[in-house]
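S.K.: Our numbering puts the first residue of the sequence shown at 369, with every later residue one more than the last.
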Amino acid sequence: MSESSEAKWYVVHTYSGYENKVKADIEKTITNRHLEEQIHEVRVPMEDVVEVKNDVRRTVQRKMYPGYVLVNMVMNDDTWYVVRNTRGVTGFVGPGSKPVPLSAADMEPLGVKSEEKILVDFEVGDEVVVIAGAWKDASGKITSINPNKQKVTILVEMFGRATPVELGFAEVRKAG
Numbered sequence: 369m370s371e372s373s374e375a376k377w378y379v380v381h382t383y384s385g386y387e388n389k390v391k392a393d394i395e396k397t398i399t400n401r402h403l404e405e406q407i408h409e410v411r412v413p414m415e416d417v418v419e420v421k422n423d424v425r426r427t428v429q430r431k432m433y434p435g436y437v438l439v440n441m442v443m444n445d446d447t448w449y450v451v452r453n454t455r456g457v458t459g460f461v462g463p464g465s466k467p468v469p470l471s472a473a474d475m476e477p478l479g480v481k482s483e484e485k486i487l488v489d490f491e492v493g494d495e496v497v498v499i500a501g502a503w504k505d506a507s508g509k510i511t512s513i514n515p516n517k518q519k520v521t522i523l524v525e526m527f528g529r530a531t532p533v534e535l536g537f538a539e540v541r542k543a544g
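#1: According to the neighbour-count rule (16 or more other Cβ atoms, all chains shown, within 10 Å of its Cβ), is GLY462 buried or exposed?
#2: State whether the stretch 406-418 contacts the stretch 454-461, with contact taken as three or more CB pairs (one from each stretch) at a distance under 8 Å.
#3: Please determine whether the Cβ atom of VAL497 lies at a distance below 6 Å from any heavy atom of the ligand FMN.
#4: Which residues share a DSSP beta bridge with VAL380?
#5: If distances are taken between C-alpha atoms only, which option among VAL524, GLY528, ARG529, ALA530 comes closest to VAL540?
#6: Using the C-alpha atoms, what's the distance from GLN429 back to VAL439?
#7: Using DSSP with H/G/I as helix, E/B as strand and the rest coil, what is LEU478?
#8: At a cut of 8 Å, does the stretch 378-398 reach the stretch 430-437 through at least three beta carbon pairs?
#9: For TRP377, is the classification buried or exposed, using 16 other Cβ atoms within 10 angstroms of its Cβ as the cut-off for buried?
#10: When DSSP labels each residue in this structure, what does GLU371 get in the three-state scheme?
#11: Buried or exposed for THR447, going by 16 or more other Cβ atoms inside 10 Å?
#12: Measure the Cβ-Cβ separation of THR511 and VAL450 and say whether it is below 7 Å.
#13: Can you find the residues in the same chain that come closer than 7 Å, C-beta to C-beta, to LYS391, ignoring five residues on each side of it along the sequence?
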């Protein structure tokens, strides 16, 4: 497992209904093993939904992703072992046994904003390659750049036609 000193968000799959127990158990292990420097935060993303029962409307909190817990951690053999062997955890989300961190763009809908602003050296018309996310390895020309949202729009060839795709700055790099 590669040593990385930077904490990233990872998705952990749990047995359904065990999300809060897994969160509590990981937090207890962090304290017991003094892993505060390596495992920073554990979240069960919640959303407010309006339920109507017997003509009564009430707002309740519901898990956004039942069966999943988000962990902000530095991935190494120790942290992987601790999280992977927490009761109720079935594994990390990623191909095979390789956990894949979420990008800043993946985290935004979950209410986790990356404070870090990324400065880019590309401009409209430049060719870029997608290095993360669903469009990984695709390439295209930049049609617009939004520095405030940290997004670029590129034209990607799909089904024989150019399709605009909006991506985060961290998901692309200059081609070549």
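For glycine and all other residues, C-beta sits at the position ideal for the given N, C-alpha and C. For clarity, every value in this text was computed on a predicted model and none was experimentally measured.
M.R.: Let's see:
#1: On the sequence shown, residue 462 is found 94 positions in, with the first residue counted as 1. Exposed is the call here.
#2: No: fewer than three Cβ pairs fall under 8 Å.
#3: The model depicted lacks the ligand FMN and carries no ligand whatsoever.
#4: Indexing the sequence shown from 1 puts residue 380 at position 12. Partner(s): VAL437, PHE460.
#5: Taking the first residue of the sequence shown as 1, we reach residue 540 at position 172. Of the listed residues, the one whose Cα sits closest to VAL540 is VAL524.
#6: For the purposes of this step, residue 439 is identified with residue 71 of the sequence shown, where counting begins at 1. For the purposes of this step, residue 429 is identified with residue 61 of the sequence shown, where counting begins at 1. Approximately 20 Å between the Cα atoms of the pair.
#7: Reading the sequence shown from its first residue, position 110 is the one you call residue 478. If DSSP states are grouped into helix, strand and coil, LEU478 belongs with the helices.
#8: With three or more CB-CB distances shorter than 8 Å, the stretch 378-398 counts as touching the stretch 430-437.
#9: Translated into positions along the sequence shown, residue 377 becomes position 9. Under this definition TRP377 is a buried residue.
#10: The count along the sequence shown starts at 1 and reaches residue 371 at position 3. Bear in mind that the predicted position of GLU371 carries a pLDDT of just 46, short of 50, making it unreliable; the figure below should be weighed with that in mind. Here GLU371 carries a coil assignment [DSSP, helix/strand/coil].
#11: Numbered from 1 along the sequence shown, position 79 holds the residue referred to as residue 447. Classification for THR447: buried.
#12: Indexing the sequence shown from 1 puts residue 511 at position 143. Indexing the sequence shown from 1 puts residue 450 at position 82. No.
#13: One-based indexing of the sequence shown puts residue 391 at position 23. Scanning its chain for C-beta atoms nearer than 7 Å, with the 5 sequence neighbours on each side dropped, one finds around LYS391 the residues VAL410, VAL412, VAL437, in chain order.
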